[in-house]
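For the sequence shown, full-length UniProt numbering begins at 1 and goes up steadily by one.
Every residue gets a Cβ at the ideal spot worked out from N, C-alpha and C, and that includes glycine.
Down below is the structure, laid out as structure tokens.
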Amino acid sequence: MSPPAGVNAQLRHLIHYHLDNGMLENALFYATRLHAHEPRNGDATHLLALCNLRLGRYKAAFDHSKPKGHQQQHLGCAYVFAQACLGLERFDAGAQALEKVRGLWASRNHWNKHSDTSRRHLPDAAACYCLLGKLYGAFGDSKKAIEYYVESLKLNPFMWDAFTGLCDIGAVVRPQNIFKVTPDILASLTTLASHETNEVNPFVTNQDDPFNTGLSLGGSSLFSKLNGSMPPSTLSYRDVETPTSSNGQNIPDDEMMMGDTGNTGGPVRNELTNAPARKSRLHTHKRTNSGHSAPAPAPAPDPTAPAAPPRRSTRLQSHTHNMISGIRSLGSRNPAVTSRETETTERRELRKVRATGTKGKTSTVGNVGRVVSGNRKPMTDPSGEPTKQDSRPSSMISMAPPPKMTIPSDPPRDREALDWILELLLKIGSGYRYLSRFECAKAIEAFNQLPTAQRDTPWVLAQIGRAYSERSMWAEAEKVFLRVRERAPTYIEDMDIFSTVLWQQKKEIYLSYLAHTLNNQDRLAPQSWVALGNALSLERDHDQAIKCFTRATQLDPKFAYAYTLQGHEHISNEELDKAMLAFRHAISANKRHYNGWYGLGRVYEIQHKFDFAEKHYRAAFNINPSNALLAMRIGLVLERMKKTDAALTWYDTAIRLDPQSLQARMKKAHILLRMGSPKEALDEYLIVKDAQPEDATIHLYIGQAYKRLRNKREAVRYFTICISLDPIAQRHVKEEMEAWDEEEGEWSSDVEG
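Right, here's the structure in full:
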């Protein structure tokens, strides 16, 4: 037994219903039924692949979408195929698929065409360019990635993924040139206002709604023709877009999903077309203020006619009462118009519609269930009077969507709102851009310029915490991350950085508590395992810490930071080969992950391969030129390579980047002392002493500097302080003082200058 007409429309209705309500398994179930019903229909294939993609089943989405998505047949399938390729790391194949169907999306721009009741189910050019940027970026082609991200932002400055993608690649970005109102946006606002003013059809569904396709066949004129309310000679097909090729390139995506149906039995018909003529259902109905259909004063209905449609919900009554009350009651029409001659005419005209290429359109029944609300006004003839629509079948009257309750377009108001949003994006984008370039002080300043409500959101606070941690300001970073935990206890992103902040401060109890809390919340989040690994590392349990970091990389193979932490644990276990492998994995996951380059430099330094160590330290510094530790490490390996002058320059660089870099100051002072500049060395030692007055070693160095300056009194004083702080240092002090007798006559009591 063959399925009845309209099965495909009802199945689509069910698929979209469950997708919108987050019931993805249900949506997949019905998508499978639809695909079994129409295995060669590109739209059915698209929905099946889309459901699998939403469920994270990338391989299934890949397999289902490949036949039509990879062969220039269907835009929806190509887009899902490319997304699946991104998840499966088949970046080149995904990029090629989108490039092949460029003609289907290059001229699309859906900005400002999505709302609570209106949406586009196929991507526009900005979305495709952004996805191409991601694919090429992951493939390693930064040049093309940057090019496509830029194209995406040109079309839509609200494409945040494209902006962050540019920043993450390391491209030179100027947020002030991106987040601004463009002429295209202003034109879109004006067009929208004009469209809302001129809209007159109360029954043709909004063209922007991808789910209301059945009643939009041919626009208001065709709809009237289907109902016999206008003579055929006066009908206009201006709203019908006839496809020019089998791939549906020129068909609106609201009416088709940009692909061939592949239906061996001919085009997928609208249910209204396939349904047999029902003369008994052409009796007149009219709308009442309560929102349901009621029979108009007309001859008694045919007893074979179905019962009146059910009453609408009270929610729709309250929302539509005022607008429906303003719509004139539909006039009645003589039942004689339902004669066989009229029926024959309707069928003939509907066959013409099907011949114009309505393949893949959903049925009327499928549409009604998808309508949230409808922006409907009475149809008018050229004289401005409402046209009679009483000849519509009663089933269609009951299915007509309620008026759309939308706020009228107000260009000045919309422009003000856009300016506010773009200004907000400019501030957030500036902060993100500074942070991506490791200009952490500027990033913190930019984020702090946000309105309090926006700044105190988890994501922004986490970025501020990251900026503080990059500057090694651990206490400040901890305060910010604690605010994140307080405001959003379930927020788990960036908690790996918070755990490192606690590790740096040796706060074992707090770190252990954080780790166990995160694991209780989500054991499948890699950040939870990083926190646990850091807690075990602080307890010197390096083997278990490595297992935790390994688990994090299993959950997210692109988690570069987890590889880096794993490498440092291997160094603690003196497993240098394993450490090097872990750091290489980190770089492979993210070439701009400077910590991985630093880790490799550290391994080479331990192996006394100072030339290789310098190379990798420099690579890390080129990525993060504001990191004082990297500059100091470069200076250290240069010093060990006997390149003293170059080492001194890098120590100066480190101090310039971070005046509180005490280790760099100590290294610089040692070189100055050896080079015969005890006065300059003493200046650096005294700064370190003020920061660490309880460190016995710094007092020993100060004593040595005074000795070189022939100031015996100050030298003895600091040697004495050194011994009092650390009696073990007495041997070193004795060695320094034994040489005094030979040079007693040359010593002075004060430092010159």
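Can you give me the Cβ contacts of residue i inside the same chain, cut-off strictly under 6 Å, excluding the 5 residues immediately before and after it?
{"i": "residue 558", "result": "589"}
{"i": "residue 382", "result": "Because residue 382 sits at a pLDDT of 38, beneath the cut-off of 50, its placement in the model cannot be relied upon, and the point is left open."}
{"i": "residue 598", "result": "620"}
{"i": "residue 44", "result": "34, 35 and 38"}
{"i": "residue 714", "result": "706"}
{"i": "residue 573", "result": "542"}
{"i": "residue 556", "result": "526"}
{"i": "residue 730", "result": "723"}
Nearest to residue i by CA position, among the options, is which residue?
{"i": "residue 426", "options": "121, 510 and 180", "result": "180"}
{"i": "residue 585", "options": "499, 150, 562 and 575", "result": "562"}
{"i": "residue 691", "options": "475, 518 and 665", "result": "665"}
{"i": "residue 135", "options": "510, 43, 429 and 162", "result": "162"}
{"i": "residue 157", "options": "672, 449, 714 and 421", "result": "421"}
{"i": "residue 614", "options": "556, 109, 595 and 638", "result": "638"}
{"i": "residue 164", "options": "130, 155, 144 and 189", "result": "130"}
{"i": "residue 517", "options": "643, 507, 489 and 508", "result": "489"}
{"i": "residue 177", "options": "680, 423 and 453", "result": "423"}
{"i": "residue 695", "options": "498, 662 and 133", "result": "662"}
{"i": "residue 732", "options": "703, 606, 712 and 711", "result": "703"}
{"i": "residue 450", "options": "418, 428, 658 and 145", "result": "428"}
{"i": "residue 93", "options": "67, 116 and 108", "result": "67"}
Go through its chain and collect everything with a Cβ distance to residue i's Cβ below 8 Å, but skip five positions before and after it.
{"i": "residue 699", "result": "689, 718, 719, 721, 722 and 725"}
{"i": "residue 307", "result": "Confidence at residue 307 is low in this model, with a pLDDT of 43, below 50, so the placement of that residue should be treated as unreliable; the coordinate-derived value is given next. Same-chain partners within the cutoff: there are none."}
{"i": "residue 89", "result": "138"}
Beta-carbon separation of residue i and residue j under 7 Å?
{"i": "residue 582", "j": "residue 567", "result": "yes"}
{"i": "residue 31", "j": "residue 55", "result": "no"}
{"i": "residue 469", "j": "residue 477", "result": "yes"}
{"i": "residue 755", "j": "residue 438", "result": "As shown, the chain starts at 1 and ends at 753. That puts residue 755 outside it, with no answer to give."}
{"i": "residue 91", "j": "residue 29", "result": "no"}
{"i": "residue 656", "j": "residue 623", "result": "no"}
{"i": "residue 501", "j": "residue 459", "result": "no"}
{"i": "residue 26", "j": "residue 18", "result": "yes"}
{"i": "residue 185", "j": "residue 142", "result": "no"}
{"i": "residue 95", "j": "residue 81", "result": "no"}
{"i": "residue 101", "j": "residue 125", "result": "no"}
{"i": "residue 70", "j": "residue 42", "result": "no"}
{"i": "residue 128", "j": "residue 160", "result": "no"}
{"i": "residue 668", "j": "residue 684", "result": "yes"}
{"i": "residue 434", "j": "residue 442", "result": "yes"}
Considering residue i, what are the terminal residues of the alpha helix (DSSP H) in which it resides?
{"i": "residue 411", "result": "411-436"}
{"i": "residue 520", "result": "508-521"}
{"i": "residue 71", "result": "From DSSP, residue 71 is part of no alpha helix (DSSP H); its letter is neither H nor E."}
{"i": "residue 637", "result": "628-640"}
{"i": "residue 139", "result": "125-139"}
{"i": "residue 103", "result": "102-105"}
{"i": "residue 474", "result": "474-487"}
{"i": "residue 501", "result": "495-504"}
{"i": "residue 148", "result": "142-155"}
{"i": "residue 18", "result": "7-20"}
{"i": "residue 110", "result": "Looking at the DSSP string, residue 110 is not in any alpha helix (DSSP H), and its letter there is neither H nor E."}
{"i": "residue 4", "result": "Note, residue 4: premise wrong, no alpha helix (DSSP H); not H, not E."}
{"i": "residue 719", "result": "712-725"}
{"i": "residue 447", "result": "440-448"}
{"i": "residue 29", "result": "24-37"}
{"i": "residue 656", "result": "644-657"}
{"i": "residue 732", "result": "730-738"}
Quick one: what's got a C-beta closer than 7 Å to residue i's C-beta in the same chain, skipping five residues either side?
{"i": "residue 84", "result": "53, 58, 61, 62 and 65"}
{"i": "residue 496", "result": "527, 530, 531 and 561"}
{"i": "residue 634", "result": "614, 617, 618, 621 and 650"}
{"i": "residue 653", "result": "631"}
{"i": "residue 430", "result": "175 and 446"}
{"i": "residue 436", "result": "167 and 168"}
{"i": "residue 550", "result": "566"}
{"i": "residue 587", "result": "593, 596 and 597"}
{"i": "residue 504", "result": "474"}
Would you please verify whether the beta carbon of residue i is less than 7 Å from any beta carbon of chain D?
{"i": "residue 493", "result": "Within the model displayed, chain D is absent; a lone protein chain is all it includes."}
Relative to the ligand FMN, is the shortest distance from any of its heavy atoms to the C-beta of residue i smaller than 6 Å?
{"i": "residue 669", "result": "In the structure shown, the ligand FMN is absent, as is every other ligand, since no ligand is present at all."}
Suppose only complete runs of 4+ residues qualify. What are the alpha helix (DSSP H) ranges in the UniProt repeat "TPR" (594-627), listed by chain order? 594-606 and 610-623
List in chain order: all unbroken alpha helix (DSSP H) runs of 4+ residues lying wholly within the UniProt repeat "TPR" (526-559). 526-538 and 542-555
Extract the residue ranges of the alpha helix (DSSP H) inside the segment 661-687, only unbroken runs of 4 or more that lie entirely within it. 662-674
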